[in-house]
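First the structure, in the form of structure tokens, and then the observations on it.
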Amino acid sequence: MNFSLLVYAAPHSRQAAETAYRFAVAALAQGHGIHRVFFYGDGVHNGSALASPPQDECDLPARWQALAKEHELDLVVCIAAAVRRGVLDANEARRYEKPGHNLREGFELSGLGQLAEAAIHSDRLITFGA
Amino acid sequence: MNFSLLVYAAPHSRQAAETAYRFAVAALAQGHGIHRVFFYGDGVHNGSALASPPQDECDLPARWQALAKEHELDLVVCIAAAVRRGVLDANEARRYEKPGHNLREGFELSGLGQLAEAAIHSDRLITFGA
Amino acid sequence: MSHSKTFLIISRRPPYGSSHARDALDTALTTAVFEQPVAMLFQGDGVLQLLKGQEPAAVRQKNLGATLSALPMYDIENLYACADALAQRGLTQDDLILPVQPLDRAGIAALIRNHDVVLNF
Amino acid sequence: MSHSKTFLIISRRPPYGSSHARDALDTALTTAVFEQPVAMLFQGDGVLQLLKGQEPAAVRQKNLGATLSALPMYDIENLYACADALAQRGLTQDDLILPVQPLDRAGIAALIRNHDVVLNF
Amino acid sequence: MTLHTLNRPPSDRALLDDCIAALVADDTLLLLEDGVYCALAGLELPAGVRCVALAADVAARGIGDRLATGIEVVDDIGFVELCCHHSRVASWF
Amino acid sequence: MTLHTLNRPPSDRALLDDCIAALVADDTLLLLEDGVYCALAGLELPAGVRCVALAADVAARGIGDRLATGIEVVDDIGFVELCCHHSRVASWF
Chain A
1 MNFSLLVYAA PHSRQAAETA YRFAVAALAQ GHGIHRVFFY GDGVHNGSAL
51 ASPPQDECDL PARWQALAKE HELDLVVCIA AAVRRGVLDA NEARRYEKPG
101 HNLREGFELS GLGQLAEAAI HSDRLITFGA
Chain B
1 MNFSLLVYAA PHSRQAAETA YRFAVAALAQ GHGIHRVFFY GDGVHNGSAL
51 ASPPQDECDL PARWQALAKE HELDLVVCIA AAVRRGVLDA NEARRYEKPG
101 HNLREGFELS GLGQLAEAAI HSDRLITFGA
Chain C
1 MSHSKTFLII SRRPPYGSSH ARDALDTALT TAVFEQPVAM LFQGDGVLQL
51 LKGQEPAAVR QKNLGATLSA LPMYDIENLY ACADALAQRG LTQDDLILPV
101 QPLDRAGIAA LIRNHDVVLN F
Chain D
1 MSHSKTFLII SRRPPYGSSH ARDALDTALT TAVFEQPVAM LFQGDGVLQL
51 LKGQEPAAVR QKNLGATLSA LPMYDIENLY ACADALAQRG LTQDDLILPV
101 QPLDRAGIAA LIRNHDVVLN F
Chain E
1 MTLHTLNRPP SDRALLDDCI AALVADDTLL LLEDGVYCAL AGLELPAGVR
51 CVALAADVAA RGIGDRLATG IEVVDDIGFV ELCCHHSRVA SWF
Chain F
1 MTLHTLNRPP SDRALLDDCI AALVADDTLL LLEDGVYCAL AGLELPAGVR
51 CVALAADVAA RGIGDRLATG IEVVDDIGFV ELCCHHSRVA SWF
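Here the protein sequences line up with chains A, B, C, D, E and F, keeping their order. Taking the UniProt record's numbering, I'd label the letters of the first sequence as residues 1 to 130. Taking the UniProt record's numbering, I'd label the letters of the second sequence as residues 1 to 130. Taking the UniProt record's numbering, I'd label the letters of the third sequence as residues 1 to 121. Taking the UniProt record's numbering, I'd label the letters of the fourth sequence as residues 1 to 121. Taking the UniProt record's numbering, I'd label the letters of the fifth sequence as residues 1 to 93. Taking the UniProt record's numbering, I'd label the letters of the sixth sequence as residues 1 to 93.
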């Protein structure tokens, strides 16, 4: 089966982001596919390259990145939600004339249409909300 | 009268951050002092240097910065809450070996003790929560 | 079309206090642009989005009600509201910025069952 | 001391689902380190933080209950819980990781009135 | 004298109940953000408690004509003044 | 057949009521995160609705011995399987 995930919660602030990650791990372990993970609302902070949790806490952005690398996951961060909240890739940093960028490698910024596309082309879309 | 503000909500996601800003403007306009604005929890995102809202939306990090410059406000972002959430100054970026930093000029990272100190040395502490 | 699904967006939050209502609306509009059939259900505090007379300039936000009233122009014409939520808040059609079909519990359950994708905000 | 105030931290959220409970606790501990008198009130879902037997390793979080049980060691000994919140959830002192004083409505109102600084989480 | 602020709608019944339970005579309850929806129905408050709603939030939500009787509207300046005239501020959210 | 997930405690009564109202026979209600506290009291669900709670969240909150009768516990693998066995997933939060 082919899943897509909508992650609508930030790490640390809400548990939902961690639940989504565990779901992704479990689904992949059972041999299912993950068409896309779409990060929306405060969920855009899952794509932070700068998040630096203490060593005894879960580093979700790093875990998503590692999982994506291992399984070639499509991690898409909603561009409109992200730029408002200060999550930028190099392109957007240039566009808004900002001194740096902080989107983690393995994530990409794209439009909300990618959520609709994911829902259309997956067997199930599961929302992890807050 | 001398106020301190505790801002526990991120811009865009929750209205409380904007309410806090309006309160600060109103208090200063009436001639009151603001001892400190302390940003905690998701409120740390008020200190983002990269937030890039559309031009017809309120850019709260920029407004806080301008208000602080005009009135010499002490804008303190809780360091523990901030580094978890990916809001770093140059020092923390070095400490965590991150490629960049994104704390806006005019804000500073410091410990939760600054909240206690603010409460002790202000006439009133007002929380803007979510 | 093999690659078409029906979407139901359930919007449960009041306007302005958080970004949920705006995000629900943006998702509905984007999905409609993708030419998927979209229905919206306003439930709980979400019905408060439909109130006439919103003036959010003082809180520096865009008028959500004005955008909502444009939904039919985007071919989002299946607009529903929880009848209980309207009644609990003393709201009738005259109070609302655009016409919505009130649904009872059974109607809402059927609405969910009749859509391929359900997105809650 | 002229520069001393009494703090009341009201913790209303359940553990783990959000960072509120952890932030309330960190604020209480930090304030105690600053040698200010700190009381904590667990109200609403906040009383669920006090339940014995928490094992949050599976959700990759630290044990909040274990930290709470250390509060008296930080000289935070004025620990209160809303009696109604405990009763509604069927909780008695035996279910809790540390002793707390149950307070009724009037007791909670008086507690707020008797502290200089009130911080809600 | 405590100023209590509340920023959640009345559907968050547990919060509203706890907030109201904490009110005593000479306290003021300030409704703001989504909390102004609590001003639509009459709230049963203890005697001697004043209830006010923040003007910008009332206008934003289009409920200026729907407030229950006895609820005053204050602007941001009024909010600041209320903070001055009470000994502490408790925020319910 | 819909899988409904709920991640808020029962004090969010308005959400729980709307979620329960949406359940019909052959649906499953999965309680997760703070939603597992809804498993402490018995929920009045329509006939033919299964109610399950996520194991990691039950353990985290120390409520394994307190679940109402009739509520099953599933692990993350079980969550994935539930998604497969229902035609859609509605998330209440």
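Where a beta carbon is used, it is the ideal one built from N, C-alpha and C, also for glycine. It should be emphasised that the depicted structure is a prediction, and the values quoted were computed from it without experimental measurement.
Bridge partners for L60/A per DSSP, in chain order? As a first step, residue 60/A must be located in the first sequence, where it is residue number 60. Answer is none; L60/A lacks a bridge partner.
At a cut-off of 8 Å, is R85/B close to the ligand GDP when judged by its beta-carbon and the heavy atoms of the ligand? Summarising the ligand content, the structure contains no ligands, and the ligand GDP is consequently not present.
Minimum Cβ-Cβ distance from S18/C to chain E less than 9 Å: In the third sequence, counting from the first residue as 1, residue 18/C sits at position 18. At least one chain E Cβ lies under 9 Å of S18/C.
Can you check whether the CB of G47/B is closer than 9 Å to the CB of N102/A? Here residue 102/A is taken as the residue at index 102 of the first sequence, counted from 1. Here residue 47/B is taken as the residue at index 47 of the second sequence, counted from 1. No, the Cβ-Cβ distance between N102/A and G47/B is not below 9 Å.
Is there at least one Cβ from chain A nearer than 9 Å to R60/D's Cβ? Walking along the fourth sequence from the start, residue 60/D turns up at place 60. Chain A, which has a Cβ nearer than 9 Å to the Cβ of R60/D, makes this yes.
If you measure between the beta carbons of C51/F and L31/F, is that distance less than 9 Å? Position 51 of the sixth sequence holds residue 51/F. Position 31 of the sixth sequence holds residue 31/F. Contact flag set, yes.
Name, please, each residue of chain E whose Cβ falls closer than 7 Å to the Cβ of G53/C. Working through the third sequence from its first residue, we reach residue 53/C at position 53. What G53/C touches in chain E: G62.
For E72/E and A10/B, what's the separation of their Cα atoms in angstroms? For the purposes of this step, residue 72/E is taken as the residue at position 72 of the fifth sequence. For the purposes of this step, residue 10/B is taken as the residue at position 10 of the second sequence. In a straight line, the C-alpha of E72/E is about 29 Å away from that of A10/B.
Own chain partners of P16/B with C-beta closer than 8 Å, once the 5 adjacent residues on each side are dropped: Taking the second sequence and counting its residues from 1, the one referred to as residue 16/B is at position 16. The identity of residue 16/B in the sequence shown is Ala, whereas the question assumes Pro. Correct list, in chain order: V7, Y8, A9, F128, G129, A130.
Under 8 Å Cβ to Cβ from R59/C, same chain only, skipping five residues before and after it: list those, please. Locating residue 59/C in the third sequence gives position 59, where the first residue counts as 1. Checking the sequence shown, residue 59/C turns out to be Val, not Arg. Excluding sequence neighbours, V59/C sits near Y16.
Report yes or no: is there a C-beta of chain B within less than 9 Å of the C-beta of L54/E? In the fifth sequence, residue 54/E corresponds to position 54, counting from 1. At least one chain B Cβ lies under 9 Å of L54/E.
If distances are taken between C-alpha atoms only, which option among I77/E, T69/E, V36/E, V49/E comes closest to D57/E? Counted from its first residue, the fifth sequence places residue 57/E at position 57. Per the Cα distances, V36/E.
Neighbouring residues, chain C, relative to A119/A (Cβ below 9 Å): As a position in the first sequence, residue 119/A is number 119, starting the count at 1. The contacting residues are K5, F7, T31, Q36, D116, V117, L119.
Provide the residue span of the beta strand (DSSP E) that contains residue 137/B, from first to last. Residue 137/B lies beyond the stretch modelled for chain B, which goes from 1 to 130, so this question has no answer here.
Quick check on L5/B - is its C-beta less than 9 Å from some C-beta in chain D? Here residue 5/B refers to the residue found at position 5 when the second sequence is read from its first residue. Answer no: the Cβ-Cβ gap between L5/B and chain D never drops below 9 Å.
Which residues of chain F have a Cβ atom closer than 7 Å to the Cβ of A22/E, listed in chain order? As a position in the fifth sequence, residue 22/E is number 22, starting the count at 1. Those do not exist, as A22/E stays about 17 Å from chain F at its closest Cβ, beyond 7 Å.
Selection of the segment 3–23 of chain F by Cβ proximity to chain E, strictly under 8 Å: S11, D12, R13, A14
Does the Cβ of S13/B have 16 or more other Cβ atoms within 10 Å, making it buried, or fewer, making it exposed? One-based indexing of the second sequence puts residue 13/B at position 13. Result: buried.
The segment 78–98 of chain C in contact with the segment 81–97 of chain A per 3-pair CB rule at 8 Å: no
Count the other CB atoms within 10 Å of the CB of Q49/C; is the residue buried (16 or more) or exposed (fewer)? What you label residue 49/C is simply residue 49 of the third sequence in a count that begins at 1. Its Cβ being crowded by 16 or more others within 10 Å, Q49/C is buried.
Which residue from A118/A, Y96/A, I79/A puts its Cα closest to that of G43/A? Here residue 43/A is taken as the residue at index 43 of the first sequence, counted from 1. Closest by alpha carbon: I79/A.
Taking DSSP's pairing of strands, which residues face S91/E in a bridge? As a first step, residue 91/E is located in the fifth sequence; it is residue number 91 there, counting from the start. DSSP output for S91/E lists T5/E as bridge partner(s).
On the criterion of 16 or more Cβ atoms from any shown chain inside 10 Å, does T92/D qualify as buried, or is it exposed? Sequence index remark: in the fourth sequence, residue 92/D carries index 92 (1-based). Counting Cβ neighbours within 10 Å, T92/D comes out exposed, since fewer than 16 surround it.
Between D45/D and chain F, is any beta-carbon pair separated by less than 9 Å? Locating residue 45/D in the fourth sequence gives position 45, counting from the first residue. For D45/D, the answer is yes, since a Cβ of chain F falls inside 9 Å of its Cβ.
From the DSSP output, read off the bridge partner residues of Q101/D. On the fourth sequence, position 101 is the one that residue 101/D refers to. According to DSSP, which records beta bridges pairwise, Q101/D is partnered with Y80/D.
Run down chain B in chain order and give the residues with a C-beta less than 8 Å from the C-beta of D76/E. Reading the fifth sequence from its first residue, position 76 is the one you call residue 76/E. Taking the beta carbon of D76/E as reference, the chain B residues within 8 Å of it are R22, F23, V25, A26, listed in sequence order.
Helix or strand or just coil, what does DSSP make of L30/E? Within the fifth sequence, residue 30/E is the residue found at index 30, counting from 1. Strand at L30/E.
E92/A, DSSP secondary structure in three states: In the first sequence, counting from the first residue as 1, residue 92/A sits at position 92. Note: E92/A maps to helix in three-state DSSP.
Is it true that the CB of L98/C sits closer than 9 Å to the CB of T27/C? Translated into positions along the third sequence, residue 27/C becomes position 27. Translated into positions along the third sequence, residue 98/C becomes position 98. Cβ distance not < 9 Å, so T27/C and L98/C don't count as in contact.
Do you know how far the Cα of N78/C is from the Cα of Q36/C? Counting from 1 along the third sequence, the entry for residue 36/C is found at position 36. Counting from 1 along the third sequence, the entry for residue 78/C is found at position 78. Distance between the alpha carbons of Q36/C and N78/C is about 12 Å.
So which of E117/B, A62/B, I34/B, A93/B has the shortest CA-CA distance to L5/B? Reading the second sequence from its first residue, position 5 is the one you call residue 5/B. With distances taken between Cα atoms, L5/B lies closest to I34/B.
Neighbourhood of P14/D by C-beta distance below 8 Å, restricted to the same chain and skipping five residues each side: Here residue 14/D is taken as the residue at index 14 of the fourth sequence, counted from 1. Around P14/D: A21, D45, G46, L48, Q49.
Take S4/D and list the residues in its own chain whose beta-carbon comes closer than 7 Å to its own, dropping the five residues that flank it on each side. Numbered from its first residue, the fourth sequence carries residue 4/D at position 4. Once the five neighbours on either side are set aside, the close Cβ partners of S4/D are Q36.
Selected residue, minimal CA-CA separation from D76/E, among R63/B, L125/B, M1/B, L28/B: Counting from 1 along the fifth sequence, the entry for residue 76/E is found at position 76. Selected option, being the one with the closest Cα: L28/B.
Determine whether the Cβ of L32/F lies closer than 9 Å to any Cβ atom of chain A. Start at 1 with the first residue of the sixth sequence, and residue 32/F comes out as number 32. Closer than 9 Å: yes.
Nearest candidate by alpha-carbon position, reference V24/F, set A109/C, L8/C, Q43/C, I76/C: If you number the sixth sequence from 1, residue 24/F lands on position 24. If we check each option's Cα against that of V24/F, A109/C comes out closest.
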